Ligand code: IPE
Ligand code: IPE
Ligand code: MG
């Protein structure tokens, strides 16, 4: 089995590294259950996979890494699990902020952030400000995020612009819509990876994944590392992206 370094050389030779990789980080609960541990132990273990994919993305030359960390629907989980996830978010920022800053990573948190606990919100605010000037890798962390809510929010903002006379209905096109999304200005994902074998989108980036290549990995998120990231990129490089057209 090829190791991470072999795979990295292979994907460099292949060329065309995806500019934007998005990941639905799933399977923490099952990882914990397999070990007879409480679910938060799986979430904690998943933090080292976050570090691994950030480093992997930096090495491979990916420009944008989008990680789905907590969905709007995840607020409906038991309060103990939600509390553990909020504390882990704070802990992740505390532990990693300085290193991310040194590595040139720009951290952005996207979602309904006003629902976060005040300490989690202030940690998020701090790391975004601390790393705002960086440009080597843009790390989008989706927290309290749901794609349908993002789309209805965009529609509402456009409706407000029209009502106020800033925009005419005829000016509402793809570009105007895109400009109202949390991801405004960010290229669409080239590759979307979902871990733990689940074959669904679960309300992530519905607008942005129109032509994204999907790779499902059977590996549970806490076991996902640089090697699995590079395997997914290698698989992406074998795809034939046609965007609805035919090859000349
Ligand atoms: C992903 O792991 C993390 C979050 C959704 C917050 P899960 O907690 O969904 O793990 P499974 O799917 O139950 O194994
Ligand atoms: C999707 O995983 C959300 C995140 C990874 C943050 P879920 O575990 O919440 O999704 P479902 O319930 O399996 O669709
Ligand atoms: Mg899950």
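Residue numbers (my numbering): 610 to 857.
Every residue gets a Cβ at the ideal spot worked out from N, C-alpha and C, and that includes glycine.
Note that this is a predicted model, so its numbers are computed, not measured.
DSSP beta-bridge partners of residue i
i: residue 750; result: 676 and 718
i: residue 803; result: 633 and 825
Sub-8 Å separation of residue i and residue j beta-carbons
i: residue 716; j: residue 667; result: no
i: residue 677; j: residue 813; result: yes
i: residue 681; j: residue 753; result: yes
i: residue 640; j: residue 838; result: no
i: residue 620; j: residue 810; result: no
i: residue 730; j: residue 722; result: yes
i: residue 689; j: residue 831; result: no
i: residue 653; j: residue 697; result: yes
i: residue 815; j: residue 789; result: no
i: residue 626; j: residue 661; result: no
i: residue 685; j: residue 732; result: no
i: residue 840; j: residue 616; result: yes
Residues near residue i by beta carbon distance below 8 Å, same chain, minus five either side
i: residue 747; result: 672, 673, 674, 714, 715, 717 and 795
i: residue 776; result: 767, 770 and 785
i: residue 852; result: 820
Own chain, CB closer than 6 Å to residue i, minus 5 neighbours either side, in chain order
i: residue 821; result: 798 and 801
i: residue 844; result: 824
i: residue 710; result: 739 and 740
i: residue 631; result: 675, 798 and 801
Local Cβ density within 10 Å of residue i, reported as buried at 16 or more and exposed below that
i: residue 629; result: buried
i: residue 637; result: buried
i: residue 736; result: buried
i: residue 759; result: buried
i: residue 634; result: buried
i: residue 791; result: buried
i: residue 724; result: exposed
i: residue 744; result: exposed
i: residue 761; result: exposed
i: residue 610; result: exposed
i: residue 763; result: buried
i: residue 803; result: buried
i: residue 648; result: buried
i: residue 663; result: buried
i: residue 756; result: buried
i: residue 705; result: buried
i: residue 554; result: As displayed, the chain neither begins before 610 nor continues past 857, which places residue 554 out of reach and without an answer.
i: residue 622; result: exposed
i: residue 780; result: exposed
i: residue 659; result: buried
Chain-order list of residues whose beta-carbon lies under 7 Å from that of residue i (same chain, five-residue window excluded)
i: residue 612; result: 836
i: residue 694; result: 652 and 679
i: residue 728; result: 699
i: residue 726; result: 695
beta-carbon residue i near ligand 5 non-hydrogen atom, thresh 7 Å
i: residue 658; result: This structure lacks ligand 5; the ligands present are ligand 1, ligand 2 and ligand 3.
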